[in-house]
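Visitor:
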Amino acid sequence: MGSNYLLSPYSLKGLQLKNRIVMAPMCQYSVMEKDGKPNDWHHVHYVSRAVGGTGLIIMEMTDVEPDGRITDYDLGLWSDEHIPAFARIIDGVHRYGAKIGIQIAHAGRKAEDAPEPVAPSAIPFPGPEYKLPRALTTDEVREMVRKFADAARRAVQAGVDTIELHGAHGYLIHQFHSPLTNRREDAYGQDLARFGVEVIEAVKAQLPPDMPLFFRISAVEYADGGYGIDHAIQLCKAYQAAGVDAFHVSSGGEGPAGERKPGNYPGYQVPFARSIRQALNVPVVAVGMLEDPALAESVVGNGDAELVAIARGLLRDPYWATHAAYALRSEEKHVPQQYERAYH
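For the sequence shown, the working numbering begins at 10 and goes up steadily by one.
1. DSSP three-state label for residue 70, please.
2. Given a threshold of 16 other Cβ atoms within 10 Å of its Cβ, counted over all protein chains shown, does residue 267 qualify as buried or as exposed?
3. With 16 as the cutoff for other CB atoms within 10 Å, does residue 41 come out buried or exposed?
4. Across the region 184-200 and the region 118-130, are there enough close Cβ pairs to call them in contact, namely three or more that are closer than 8 Å?
5. Count the other CB atoms within 10 Å of the CB of residue 222; is the residue buried (16 or more) or exposed (fewer)?
6. Would you kindly report the start and end of the unbroken beta strand (DSSP E) that includes residue 32?
7. Are the beta-carbon atoms of residue 73 and residue 204 separated by less than 7 Å?
8. Kindly indicate the opening and closing residues of the alpha helix (DSSP H) around residue 98.
9. Can the beta-carbon of residue 63 be found closer than 7 Å to that of residue 107?
10. Identify the residues that DSSP records as bridge partners of residue 171: which are they?
11. In whole angstroms, give me the CA-to-CA distance for residue 264 and residue 313.
12. Would you mind stating whether residue 202 and residue 154 have Cβ atoms separated by less than 7 Å?
13. Roughly how many angstroms lie between the CA atoms of residue 49 and residue 190, to the nearest whole one?
14. How big is the Cα-Cα spacing for residue 261 and residue 281?
15. Going by the beta-carbon positions, is the gap between residue 177 and residue 183 smaller than 7 Å?
16. Among the residues of its own chain, which have a CB less than 8 Å from the CB of residue 299, if the five just before and after it don't count?
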């Protein structure tokens, strides 16, 4: 009998997962008509991971307005016309026993194709491909909160099991809660967590009471002068109080690394997840080079995180979860009946 931590069921509010394996959101840059609607590529991409045994699939960064996309080839939920295309994928994923959420976001100053990106402050992201953003007015910030809520409502209408807000990797919510990128003098500058808190509260109001809300956060910044884990923990406390049920803990993305460098080894971000979990007594998702099944098993078994997100490993192998179950000699294998003879 093998290990069973990674392949054990997990429940958070009304979300019931058959295992602890999460497909991390990864942009596909594959919207052909630039209309924000997922197409056949996205359908095959996500449904195949459901067939492959993944417990929870988080669809890639999906933006609340056209100019909030990283590129014009990214997904969006700024119109009710987007709902049917998402619903088709969600229904397909459910058919094969997985649960699915959508990561809702706005790229802010990292919107490469926007004619004029917007941000908390007029500070460009380093690099020649990035434009000088325009600082949002206070009224526009409030309107942006509403856009997040509207996108969440559409995701719920499309049938999602959960929603993740993207507050990491230098995108708009991250830009508001970072001292490096928020130099505002209004209420959204005086309290760096305020924008995130208002977005969380507005989105939470659109969710059924038993649907958990995930929040992805960069636990540390790597640019010189960037915040550390203590600042992230304070943000998480405010966000938890506003309604976040679980944190998906990553790092960086706000600019080129300075004196502090990100790790380049398996599990380098796990201590950040553990720190937030212990400080807040909150469920966390660990991510970052965790595709070795034994390592992923240890993250759950050691109590570092409730869930393990796999990114590049699931890009390489849609059936990563099935193969992990065999590698760990788990009793929970979830092999589709049509493929069973390949595993004997």
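Glycine residues also receive a C-beta, built at the ideal position from the N, C-alpha and C atoms.
Guide: The structure says:
1. strand
2. exposed
3. exposed
4. yes
5. buried
6. 30-32
7. no
8. 92-104
9. yes
10. 110
11. 27 Å
12. no
13. 37 Å
14. 12 Å
15. yes
16. 275, 276, 279, 305, 308, 317, 318, 319, 322
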